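Undergrad: Just so you know, the sequences run in chain order A and B.
My numbering numbers the first residue of the first sequence as 1 and each following residue consecutively.
My numbering numbers the first residue of the second sequence as 1 and each following residue consecutively.
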Amino acid sequence: EAGVTQFPSHSVIEKGQTVTLRCDPISGHDNLYWYRRVMGKEIKFLLHFVKESKQDESGMPNNRFLAERTGGTYSTLKVQPAELEDSGVYFCASSRNRGNNSPLHFGNGTRLTVT
Amino acid sequence: GENVEQHPSTLSVQEGDSAVIKCTYSDSASNYFPWYKQELGKGPQLIIDIRSNVGEKKDQRIAVTLNKTAKHFSLHITETQPEDSAVYFCAVGLQGGSEKLVFGKGMKLTVNP
Chain A
1 EAGVTQFPSH
11 SVIEKGQTVT
21 LRCDPISGHD
31 NLYWYRRVMG
41 KEIKFLLHFV
51 KESKQDESGM
61 PNNRFLAERT
71 GGTYSTLKVQ
81 PAELEDSGVY
91 FCASSRNRGN
101 NSPLHFGNGT
111 RLTVT
Chain B
1 GENVEQHPST
11 LSVQEGDSAV
21 IKCTYSDSAS
31 NYFPWYKQEL
41 GKGPQLIIDI
51 RSNVGEKKDQ
61 RIAVTLNKTA
71 KHFSLHITET
81 QPEDSAVYFC
91 AVGLQGGSEK
101 LVFGKGMKLT
111 VNP
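Written as structure tokens, this is what we have:
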């Protein structure tokens with residue numbers, strides 16, 4: 001089966017611009033997660049979708065970040081307007097079932113650089 | 001909230017040696033402890049996990065041990081090979097509706113041939 005795919009792999013934008021990241025989960029995986037790793041630090045949870053519904057968005061940094069998963073398939077994460085501290089690698093992950101019996105499958109990430 | 005500490009941050013070993021990575025966590029309610037390996041340019045990949053009802057789990061050259069009383073768990077890699085070189089992350093699963101993971105900062109392992 002195809003893995004989790006993310007697009008783009010890299011994005012360089014200027015402060016104040018808008019960027020939209022896309023994630024295609026593994027087919028049939030209802031659970032979709034966004035995580036972020038800022039340089040040298042831990043991978044931090046952003047939010048969790050179950051199908052098209054936001055199950056937990058407690059990790060979203062602020063209202064400049066908007067995640068959507070219309071139709072319960074692919075998801076987008078928009079940053080508007082981008083700030084310097086938004087730079088990092090954004091990972092998407094998916095799992096078939098809820099709970100820790102269903103392992104997370106991560107994509108290769110989108111490296112975002114805000115200058 | 002949950003806090004996960006991972007150490008060391010870097011480790012360099014000779015091929016064939018063993019490597020150990022240690023993590024501690026703060027929330028005694030946590031019950032799921034996966035380890036991820038991230039190779040350059042790729043996303044984290046699950047290599048082994050352990051749940052709180054088990055003290056040790058082994059899969060070929062890798063093993064994980066869990067001490068719930070002390071709230072720490074460790075990854076052991078034996079007979080290391082150059083392809084083991086990567087960044088390794090421990091994570092902790094929180095009980096509740098989200099099943100989100102809290103990660104450590106990662107450890108860069110270099111295996112020298």
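Cβ coordinates follow ideal geometry from the N, Cα and C atoms, glycine included.
Just so we're clear, the structure is a prediction, and the values are computed from it rather than from any experiment.
1. Against chain B, which members of the segment 39 to 51 of chain A pass a CB distance test of less than 8 Å?
2. Starting from the beta carbon of Gln45 (chain B), find every residue of chain A whose beta carbon is closer than 9 Å, and list them in chain order.
3. Closer than 9 Å by beta-carbon distance: list the chain B residues that pair up with Phe91 (chain A), in chain order.
4. Once DSSP output is grouped into helix, strand and coil, what is the label at Glu52 (chain A)?
5. Over what stretch of residues does the beta strand (DSSP E) that includes Ser75 (chain A) continue unbroken?
6. Let me confirm a value: Met107 (chain B) is counted as buried when at least 16 other C-beta atoms fall within 10 Å, else exposed. Which label applies?
7. Using 8 Å as the cut-off, classify the Cβ of Asn53 (chain B) as near or not near the heavy atoms of the ligand NAP, replying yes or no.
8. When the distance is taken between beta carbons, is Ser58 (chain A) closer than 9 Å to Glu116 (chain A)?
9. Can you give me, in chain order, the residues of the segment 58 to 79 of chain B that have a beta carbon less than 8 Å from any beta carbon in chain A?
10. From Pro113 (chain B) to Ser12 (chain B), what distance separates their C-alpha atoms?
11. Compare the beta carbon distance of Phe45 (chain A) and Val102 (chain B) with 9 Å and say whether it is the shorter of the two.
12. With a cut-off of 9 Å, does the C-beta of Leu11 (chain B) fall near any C-beta of chain A?
13. Which residues in the same chain have their Cβ closer than 7 Å to the Cβ of Thr5 (chain A), if we skip the five residues on either side of it in sequence?
14. Output the distance between the C-alpha atoms of Glu83 (chain A) and Met60 (chain A), rounded to the nearest integer angstrom.
15. When you compare only the Cα positions, how much space is there between Lys41 (chain A) and Glu2 (chain B)?
16. For the segment 7 to 33 of chain A, which residues have a CB atom closer than 9 Å to at least one CB atom of chain B, in sequence order?
17. Would you kindly work out how many angstroms separate the C-alpha atoms of Asn67 (chain B) and Val50 (chain A), rounded to a whole number?
18. Output, in chain order, the set of chain B residues within a Cβ distance shorter than 8 Å of Arg69 (chain A).
19. Could you have a look at Leu66 (chain A) and say whether DSSP puts it in helix, strand or coil?
20. Grab me the residues of Gly151 (chain B)'s own chain with a C-beta within less than 7 Å of its C-beta, minus the 5 sequence neighbours each way, in chain order.
21. Across the segment 27 to 36 of chain A and the segment 87 to 96 of chain B, are there enough close Cβ pairs to call them in contact, namely three or more that are closer than 8 Å?
TA: With the given structure in hand:
1. Legend: CB atoms of the segment 39 to 51 of chain A lying less than 8 Å from CB atoms of chain B belong to residues Gly40, Lys41, Glu42, Ile43, Lys44, Phe45 and His48.
2. Mapped onto the second sequence, residue 45 (chain B) falls at position 45. His105 and Phe106, listed in chain order.
3. By 1-based counting over the first sequence, the position of residue 91 (chain A) is 91. Listed along chain B are Gly43 and Pro44, each with a C-beta nearer than 9 Å to that of Phe91 (chain A).
4. Residue mapping note: residue 52 (chain A) aligns to position 52 of the first sequence, counting from 1. Correct three-state label for Glu52 (chain A): coil.
5. Taking the first sequence and counting its residues from 1, the one referred to as residue 75 (chain A) is at position 75. Secondary structure note for Ser75 (chain A): its beta strand (DSSP E) is the uninterrupted segment Ser75 to Val79.
6. Taking the first residue of the second sequence as 1, we reach residue 107 (chain B) at position 107. So Met107 (chain B) counts as buried.
7. With respect to the ligand NAP, the structure shown offers nothing to examine, as it has no ligands at all.
8. Since the first residue shown for chain A is 1 and the last is 115, residue 116 (chain A) is missing from the structure and cannot be characterised.
9. Residues: none.
10. Within the second sequence, numbered from 1, the residue matching residue 113 (chain B) stands at position 113. Within the second sequence, numbered from 1, the residue matching residue 12 (chain B) stands at position 12. Approximately 11 Å, taken between the alpha carbons.
11. One-based indexing of the first sequence puts residue 45 (chain A) at position 45. One-based indexing of the second sequence puts residue 102 (chain B) at position 102. Pairing Phe45 (chain A) with Val102 (chain B) gives a Cβ-Cβ distance under 9 Å.
12. Sequence index remark: in the second sequence, residue 11 (chain B) carries index 11 (1-based). It does not; no Cβ of chain A falls within 9 Å.
13. Numbered from 1 along the first sequence, position 5 holds the residue referred to as residue 5 (chain A). Answer for Thr5 (chain A): Asp24 and Gly107, listed in chain order.
14. Working through the first sequence from its first residue, we reach residue 83 (chain A) at position 83. Working through the first sequence from its first residue, we reach residue 60 (chain A) at position 60. Glu83 (chain A) and Met60 (chain A): Cα-Cα distance of roughly 14 Å.
15. Here residue 41 (chain A) refers to the residue found at position 41 when the first sequence is read from its first residue. Here residue 2 (chain B) refers to the residue found at position 2 when the second sequence is read from its first residue. Our two residues, Lys41 (chain A) and Glu2 (chain B), have alpha carbons roughly 16 Å apart in a direct line.
16. For the segment 7 to 33 of chain A, the set of positions with a beta-carbon nearer than 9 Å to some beta-carbon of chain B reads Ser9, Asn31 and Tyr33 in chain order.
17. On the second sequence, position 67 is the one that residue 67 (chain B) refers to. On the first sequence, position 50 is the one that residue 50 (chain A) refers to. Here the alpha carbons of Val50 (chain A) and Asn67 (chain B) stand approximately 32 Å from one another.
18. Looking up residue 69 (chain A) in the first sequence gives position 69. Those within 8 Å of Arg69 (chain A) in chain B number zero; the least Cβ separation is about 15 Å.
19. Here the question's residue 66 (chain A) lines up with position 66 in the first sequence. In this structure, Leu66 (chain A) counts as strand in the three-state DSSP scheme.
20. Because residue 151 (chain B) is not part of the residues shown, which for chain B are 1 to 113, the question remains open.
21. No: fewer than three Cβ pairs fall under 8 Å.
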